[in-house]
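Read the structure below first, then the notes.
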Amino acid sequence: MTESTLVQNDRQAGSFAEIGTPDTIETTLGNRILVGPHQKILLLVHLSASTSNDTVKVLAGANPPAFRGGIGDCIYTSTGGAKELYMLMETARFADDDGYIHLTFPTHVSLAGTLEAYGL
């Protein structure tokens, strides 16, 4: 089984656009974002529920193509409750050799929320 794939919303510079429909966090399998032509991707994480020490992890990609993957994973550790997070991701660090950026979450039932990805 594979992770749930987020719909990446493309944005054009200098124009307004409606916000896309968020995707549900998949705590069992994780989520992934298709990299596409973008160098940077804005990730929005809306945690409607979390407990202390729940994590949101963006996995470092394999080199190649992620020549900056050696920097490592990016991990957010929650202090509990509802949270609104954003992260500007660089494909040079997080793109894996399968063309996706991979996200993992704890398998607790306490973590819930949605994700949005915007190609910049």
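Each residue of the sequence shown is one higher than the last, beginning at 83 in this note's numbering. The C-beta atom is built at its ideal place from N, Cα and C for all residues, glycine as well. Just so you know, these numbers come straight off a predicted model, no measurement behind them.
Report task. Take LEU202 and list the residues in its own chain whose beta-carbon comes closer than 7 Å to its own, dropping the five residues that flank it on each side. Result -> Start at 1 with the first residue of the sequence shown, and residue 202 comes out as number 120. The residues are ARG93, HIS120, LYS122, ILE123, LEU124.
Query raised in the report: In three-state terms, what does DSSP make of THR103?
Result: One-based indexing of the sequence shown puts residue 103 at position 21. Three-state DSSP puts THR103 in coil, outside helix and strand.
Query raised in the report: What's the C-alpha gap between GLN90 and PHE187?
Result: To locate residue 90, count along the sequence shown from 1; it is residue 8. To locate residue 187, count along the sequence shown from 1; it is residue 105. GLN90 and PHE187: Cα-Cα distance of roughly 19 Å.
Query - Reduced DSSP category for ARG150 - H, G, I as helix; E, B as strand; rest coil - result: On the sequence shown, position 68 is the one that residue 150 refers to. In this structure, ARG150 counts as coil in the three-state DSSP scheme.
Query raised in the report: Can you find at least 3 beta carbon pairs, one from the region 150–166 and one from the region 93–102, that sit closer than 8 Å?
Result: no
Query raised in the report: Using the C-alpha atoms, what's the distance from SER97 back to GLU108?
Result: Here residue 108 corresponds to residue number 26 of the sequence shown, with the count starting at 1. Here residue 97 corresponds to residue number 15 of the sequence shown, with the count starting at 1. Distance between the alpha carbons of GLU108 and SER97: 31 Å.
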